[in-house]
Amino acid sequence: MFKSKKRKELENRVAVLESTLDHMAGVLNTLTEVSAAATTDNIVDGEKLKETLEKYLDDTLERKFTRRRF
């Protein structure tokens, strides 16, 4: 019983860490896209930045609510 409870607790912690890493990877990808756009165009198009960030947020929320938890 104790091992099962402890295992469940560890699995939950791993799930939280995986979720956090997914989020951090998404932020890094978004920043990379924005940086690349700014470098190629020598300016950051405000509308493109807004669209990129909205897409990232939509994708993040979709993943968060569709991700299976064990």
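Going by UniProt numbering, the first residue of the sequence shown is number 1, and it counts up by one from there.
The beta carbon of each residue, even a glycine, is placed where N, CA and C say it ideally should be.
query: Return the Cβ separation of residue 30 and residue 56 in integer angstroms, given the expectation that the two are a contact with Cβ distance under 8 Å.; result: 5 Å
query: Measuring straight from C-alpha to C-alpha, what distance separates residue 58 and residue 26?; result: 11 Å
query: Counting only the same chain and skipping the five closest in sequence on each side, list residues whose C-beta sits under 8 Å from that of residue 70.; result: A caution first: residue 70 carries a pLDDT of 44, below 50, which makes its placement in the model unreliable, though a value can still be read off. So the qualifying residues of the chain are 11, 15.
query: Do residue 17 and residue 34 have their C-beta atoms within less than 8 Å of each other?; result: no
query: If contacts are defined as beta-carbon pairs under 8 Å, then residue 60 and residue 23 qualify, I think. What distance do you get, rounded to the angstrom?; result: 7 Å
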